[in-house]
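Below is one structure; the comments refer to it alone.
Residue numbers (this note's numbering): 367 to 788.
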């Protein structure tokens with residue numbers, strides 16, 4: 367009887383064991399291993415997707431922490447230091463007024479100021495440029511090197527293993543309106559190959575993408591300085607006043623917060639592909655982190671013309687022109703001229719052959735009225751002229767030697783050379 371109970375128990379245990387075996391045998395043997403492989407595969411897929419997005423600047427730098435260093439290593443040898451010297455002027459200057467500096471401190475060029483002394487001194491500037499062709503063609507700003515025929519010498523300092531440290535260059539072409547200049551190395555040995563940067567597409571650049579600036583802030587002591595930032599905006603417009611009082615108007619500039627300083631003028635602004643998308647040109651003097659660059663596509667559009675002809679022919683719109691130099695009539699000036707009030711503007715010079723000259727306007731005339739508009743300042747004259755066109759006739763009321771004269775003037779079209787820095 368006891369044997370039967372044991373046999374029954376063993377039989378029951380055997381049945382349970384076989385049933386359990388059957389259940390676990392139906393499960394995949396490698397179920398847990400497959401789950402681990404699935405996790406590994408998912409991680410690899412995620413990693414692959416992250417690496418695959420390196421076309422964006424941020425992801426690119428995450429994927430390669432040395433991306434900026436790699437770009438700088440390639441671009442720095444192609445970036446050059448420029449030292450320019452003009453002969454001493456025949457007429458001595460007085461004061462210490464920088465040549466290219468906004469007196470209101472709003473915008474400055476990236477260029478060390480030229481200081482004028484009581485005794486004639488050579489005029490100097492320094493800035494940055496970069497090779498765009500292996501034969502020794504350099505792109506920079508016109509305000510760094512000036513124009514052809516000014517007698518200046520241009521020294522180009524480079525840092526390229528196997529090449530000389532210093533060369534001389536000449537101006538191939540320049541344009542003040544666009545603030546562009548093309549230089550050529552003139553004393554390189556035959557067969558010399560210079561490192562050149564690839565020009566990118568500034569139209570494709572987007573605000574928010576990373577940019578790299580390379581240049582010589584504050585001169586050669588800090589040459590090949592590399593800074594990074596973002597492209598802050600596009601299509602900016604600014605004005606910079608030169609020492610002659612004229613305003614240089616810039617349109618469609620690229621704005622960046624990459625750290626740039628005097629001496630960076632003419633240096634490259636690069637994207638994360640190492641291609642030039644801009645030429646560093648101006649900096650906001652009263653605020654940090656605001657600099658401006660000329661879009662490289664502007665340069666690309668005129669490079670061939672600059673190299674072949676030395677200049678850029680601009681299609682200028684008609685602009686009404688009177689042809690006088692004028693100044694506001696102050697109380698002190700009015701007393702010296704013995705006039706009873708300060709109404710009007712004083713003609714200080716009449717351009718020879720201009721509409722004003724042909725009509726009979728003279729220096730020391732005081733313009734009191736143009737047509738039916740009373741004139742109190744030069745702004746009033748400018749406002750009237752802005753609404754006129756070449757060929758229009760105006761009636762100018764002037765005070766001359768105690769008498770009032772009504773002088774009709776037929777306006778002309780402002781010559782191109784007088785619009786250079788407009």
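Each residue gets a CB set at the ideal place from its N, CA and C atoms; glycine is no exception.
Our contact map puts residue i next to residue j with C-beta atoms below 8 Å; I'd like the distance itself, whole angstroms only.
i: residue 630; j: residue 577; result: About 13 Å; that fails the 8 Å criterion.
i: residue 775; j: residue 729; result: At roughly 15 Å, the Cβ-Cβ gap does not stay under 8 Å, so residue 775 and residue 729 are not in contact.
i: residue 523; j: residue 532; result: 5 Å
i: residue 541; j: residue 678; result: 4 Å
i: residue 518; j: residue 451; result: 6 Å
i: residue 529; j: residue 537; result: With 8 Å as the limit, residue 529 and residue 537 do not qualify as a contact, their Cβ atoms being about 22 Å apart.
Determine the burial state of residue i: buried for a count of at least 16 other Cβ atoms within 10 Å of its Cβ, exposed for fewer.
i: residue 761; result: exposed
i: residue 614; result: buried
i: residue 488; result: exposed
i: residue 710; result: buried
i: residue 755; result: exposed
i: residue 545; result: buried
i: residue 570; result: exposed
i: residue 698; result: exposed
i: residue 719; result: exposed
Using a threshold of 8 Å, state whether the C-beta atoms of residue i and residue j are closer than that.
i: residue 506; j: residue 493; result: yes
i: residue 583; j: residue 627; result: yes
i: residue 632; j: residue 646; result: yes
i: residue 575; j: residue 597; result: yes
i: residue 347; j: residue 496; result: Because residue 347 is not part of the residues shown, which for the chain are 367 to 788, the question remains open.
i: residue 673; j: residue 539; result: yes
i: residue 640; j: residue 441; result: yes
i: residue 744; j: residue 779; result: no
i: residue 624; j: residue 593; result: yes
Quick one: what's got a C-beta closer than 7 Å to residue i's C-beta in the same chain, skipping five residues either side?
i: residue 735; result: 741, 763
i: residue 716; result: 689, 690, 722, 723, 727, 728, 729
i: residue 749; result: none
i: residue 772; result: 761, 763
i: residue 739; result: 746, 750
i: residue 798; result: Residue numbering for the chain in the displayed model covers 367 to 788; residue 798 lies beyond these limits and cannot be assessed.
i: residue 758; result: 686, 777
Tell me which same chain residues have a C-beta within less than 6 Å of the C-beta of residue i, skipping the five on either side of it?
i: residue 657; result: 622, 626, 649
i: residue 560; result: 497, 500, 502
i: residue 556; result: none
i: residue 430; result: none
In its own chain, which residues sit with a C-beta less than 8 Å from the C-beta of residue i, not counting the 5 before and 5 after it?
i: residue 618; result: 600, 601, 602, 603, 661, 664
i: residue 534; result: 519, 520, 521, 522, 551, 552, 553
Report whether the distance from the Cβ of residue i to the nearest heavy atom of the ligand SAH is below 7 Å.
i: residue 602; result: Of ligands this structure carries none, so the ligand SAH is not represented either.
Please specify which runs of the alpha helix (DSSP H), each continuous and at least 4 residues long, are wholly inside the region 643 to 709, giving them in chain order. 662 to 675, 697 to 703, all fully within the region 643 to 709.
Which complete alpha helix (DSSP H) runs does the region 717 to 767 hold, if anything under 4 residues is left out? For secondary structure counted as the alpha helix (DSSP H) over 4 or more consecutive residues, the region 717 to 767 holds these complete runs in sequence order: 721 to 725, 744 to 752.
Please specify which runs of the beta strand (DSSP E), each continuous and at least 3 residues long, are wholly inside the region 581 to 618, giving them in chain order. Correct list: 591 to 607.
In chain order, what are the residue ranges of uninterrupted alpha helix (DSSP H) at least 4 long that sit wholly in the region 536 to 569? Taken in chain order, the region 536 to 569 contains no complete alpha helix (DSSP H) segment of 4 residues or longer.
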